[in-house]
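What follows is a short report on a single structure.
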Ligand code: CAA
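Residue numbers (the working numbering): 2 to 401.
As C-alpha cells, this is what we get:
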C-alpha cells in the first residue's frame with residue numbers, strides 16, 4: 002500500500018537540509034554564481050550535517066535513511082540552489098549508490114565508507130567530448146596488463162572533476178566489441194585522483210550551475226589495479242545505466258525544489274508590486290502562471306515519490322525514474338520561465354533570484370540523460386521494445 006504521509010524522520014531530514022541550505026548556501030549563492038566560483042566549504046557543511054551518505058546503511062558509513070529521504074534532501078537543497086544539489090547528486094546518486102549496488106565488500110570498505118562519511122568525495126565519468134546520449138560511442142579504453150588495467154581517454158562535462166577524490170570511469174575493455182557497438186565490451190573502474198597519468202580541469206562560461214564545479218578528466222596510461230574493476234568485465238553499460246537510475250531520481254526530486262522556489266519568489270514579488278491599481282496576484286493571467294507551477298510541483302512530486310517508493314521496495318525503477326526526470330525538469334524550466342515573466346523587467350536582472358533559477362533550470366533537461374532520451378525510453382516501454390528486466394545487481398531495498 003502507498004502511504005503519502007511523510008514520517009517524522011522524513012520531516013526531520015527535510016528540515017535539517019532546509020536549515021543547512023538557508024544558513025550556509027543562501028547567503029553566498031548570488032555572489033558565487035556571479036563570480037562563477039565553487040565554494041569548497043559546501044561539502045564540509047553537508048558532511049557536518051551527515052547528508053553525504055543519507056541513504057547508505059550505517060554499516061557502510063551512511064545515515065541509513067530511505068530513498069524518499071534522499072529525494073527530500075535534493076528537493077530542499079535545490080529550493081535554495083541548483084549547483085549544491087548537482088554536487089550532492091553526483092557524489093551520492095551517481096557514485097556511492099552505485100558502489101553500494103555493484104561493489105564487493107573490499108570496494109565498499111575502501112571507497113563507500115569514506116564517501117558516505119564525507120571524508121572522500123566522488124564523481125562519475127561517462128560522458129566524453131564526442132559521446133553524451135550515445136553512451137556506447139565513448140572512446141576511452143582499458144587494456145588489461147597483469148593485475149592492472151591501463152586507461153586512456155578523456156571525459157567531459159564532469160561535475161566535481163577538479164574536486165573529487167574518486168572517479169567512476171567507464172571504458173572499453175573489449176575493442177572488437179567496441180567496433181560492433183556491443184555494450185558488453187564496456188567496463189567500470191574506480192579510479193583515484195592520485196593515480197599517475199590522470200589530470201583534471203574546470204570549464205567556465207556555462208549558462209547555469211555556475212557555482213558548481215564542472216570539468217574534464219584526461220587519462221594517459223593511467224594504471225588502475227584490477228581490484229578496482231566494479232562488477233564484472235563487460236557490465237560497464239549496465240552499471241552506468243543503473244547509476245543513472247539513481248542520478249536521474251535526484252535530478253527529478255531537486256527540480257521540484259526549483260519549482261517551489263519559483264512559486265515562492267513569484268508570490269513574494271506579486272505581493273509588493275501593483276499594476277492597474279491592484280497587486281499583481283489579483284490578475285487572472287498571473288494566477289494562471291501560478292496554477293501551472295502548482296500543477297508541475299504536485300504532479301512532479303508524486304512521480305519522484307513513486308520512483309522512491311519502488312527503490313525502497315528494491316524493484317527496478319528505470320521507467321518511473323525516467324518519467325519523473327523528464328516531467329520534473331520540464332516543469333522546472335516552465336516554472337522558471339513563468340517566474341521571470343511575473344517579475345517583468347526586474348526578472349531580467351540578477352537583482353532577483355529568478356534570473357538565476359531560469360539559467361539553472363536549463364541544464365537538467367540535458368544532463369544525466371536529455372529530455373529526448375527520456376521520451377524515447379517512455380515510447381519504447383509503451384511499444385514493448387524496452388522492459389525493466391532486473392540486472393545481476395539491483396539497488397538494495399531499504400531495510401530500515
Ligand atoms: N539498469 C540495469 N541494466 C540496464 C539498465 C538499467 N537502468 N538500462 C539498460 N540496462 C541493460 C539492459 O537490460 C540491456 O541488457 P541486455 O543486453 O542484457 O538485454 C542493456 O543494458 C542494454 O540496454 P538497452 O538496450 O536498453 O540500451 P540502449 O542502447 O537502448 O540505451 C539509451 C539507449 C537509453 C539512450 C542510453 O544509452 C542512455 O540512457 N543514454 C544517455 C546517457 C546519459 O544519460 N549520459 C549522461 C551521463 S552524466 C555524466 O557523465 C556527467 C556528469 O558529471 C553527471
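We put the CB at the ideal spot given by N, CA and C, even for glycine.
Does DSSP put residue i in a helix, a strand or coil?
i	result
residue 236	coil
residue 110	helix
residue 153	strand
residue 161	coil
residue 218	strand
residue 273	helix
residue 352	coil
residue 132	strand
residue 279	strand
residue 318	coil
residue 327	helix
residue 396	coil
residue 139	coil
residue 4	coil
residue 32	helix
residue 401	coil
residue 18	helix
residue 266	helix
residue 66	coil
residue 365	coil
residue 87	helix
residue 56	coil
residue 260	helix
residue 255	helix
residue 210	coil
residue 388	coil
residue 102	helix
residue 13	helix
residue 176	helix
residue 37	coil
residue 288	helix
residue 27	helix
residue 370	coil
Residues bridged to residue i by DSSP?
i	result
residue 123	167
residue 223	152
residue 190	170, 230
residue 200	219
residue 146	149
Here's the rule: buried if 16 or more other CB atoms are within 10 angstroms of the residue's CB, otherwise exposed. What is residue i?
i	result
residue 82	buried
residue 128	buried
residue 67	buried
residue 125	buried
residue 306	buried
residue 199	buried
residue 40	buried
residue 400	exposed
residue 34	buried
residue 205	exposed
residue 49	exposed
residue 195	exposed
residue 71	buried
residue 43	buried
residue 18	buried
residue 212	buried
Closer than 6 Å: is that where the CB of residue i sits relative to any heavy atom of the ligand ATP?
i	result
residue 327	With respect to the ligand ATP, the structure offers nothing, as its ligand set consists of the ligand CAA.
Among the options, whose alpha-carbon lies nearest the alpha-carbon of residue i?
i	options	result
residue 244	384, 162, 224, 189	189
residue 302	324, 287, 118	324
residue 352	30, 137, 334	30
residue 157	89, 310, 215, 241	215
residue 333	105, 366, 179	366
residue 154	281, 148, 144, 163	144
residue 259	85, 13, 194	85
residue 138	103, 344, 97, 187	187
residue 15	342, 94, 255	255
residue 52	225, 38, 78	78
residue 298	285, 328, 275, 311	328
residue 242	201, 262, 169, 89	169
residue 146	27, 250, 314, 174	174
residue 267	62, 338, 232, 236	338
residue 369	318, 134, 42, 120	134
residue 326	149, 102, 251	251
residue 93	62, 223, 317	62
residue 130	331, 330, 288, 218	218
residue 111	229, 183, 55	229
Compare the C-beta of residue i with all C-beta atoms of chain C and state if any pair is closer than 7 Å.
i	result
residue 123	Among the protein chains of the structure shown there is no chain C, as only one such chain exists.
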